[in-house]
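Notes to accompany the following structure.
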């Protein structure tokens, strides 16, 4: 069964600290992996998209990694800010067909001052 | 460029009522889709469209209808609302080619009593 699992479910960190969110997937055939940020009451916004051949991609203080062999990805947030408080969603796209996306349930991050 | 817009933002319905959630995009994207987001779960695909006049079912299509008469608009119709349809609904759009970004609307929070 195609699944995307994220850990932890929730996380609290202090402003300025770093953190890493995890994503494991059992999706096949794989096309790409995306990380989204979703603020409360808003739609998800794309942070990174990685294809099979890419193993790291950065977007400002956000760095995503992908290990296609172990089917794992991580999202590292550096020097967290209060505005990083949000849910972070890992999404894997199936190849073939029309962009079928498998969504993880998300990690809810709270950054405290 | 407004991106993806959705109306209404909030809606309360009684069981058995029908309504249409509106979605529009101004980016000339071929692909549009509807998702529902429930607590503790990933977004689930309801219906999608790859162009005007073409629609198909996603993972959870029962109780919902869609049509795509223009590239810009992709309304979602609830035929006879049920409490199980209480959820937050997101519309999204993207181009069809490659590993491209998917843009989400702000969401519609629907409560069925």
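Chains as they are written, first to last, in this note's numbering: chain A, 16 to 128; chain B, 2 to 114. Cβ atoms here follow ideal geometry from the backbone N, Cα and C, with glycine treated the same way.
Sequence-distant Cβ neighbours of residue 114/B in its own chain, meaning closer than 8 Å and more than five residues away, are 13, 14, 15, 16 and 84. Counted as a single uninterrupted DSSP element, the beta strand (DSSP E) harbouring residue 72/A occupies residues 71-74. Annotation for residue 52/B: the continuous beta strand (DSSP E) segment containing it runs 45-52. Residues of chain A whose Cβ lies closer than 9 Å to the Cβ of residue 28/B do not exist, since the nearest Cβ in that chain is about 14 Å away. Taking the beta carbon of residue 42/B as reference, the chain A residues within 7 Å of it are 120, listed in sequence order. Judged by their CB atoms, residue 122/A and residue 100/A are not nearer to each other than the 9 Å cut-off.
Residue 4/B is not a Cβ neighbour of residue 38/B, given a cutoff of 9 Å. The DSSP assignment places 45-53, 60-66, 71-74 and 77-82 as complete runs of the beta strand (DSSP E) inside the segment 42-82 of chain A, in order along the chain (cut-off: 3 residues). For residue 126/A, the beta-bridge partners assigned by DSSP are 28/A. The beta carbon of residue 75/B does not come within 9 Å of any beta carbon belonging to chain A, so the residue lies off that interface.
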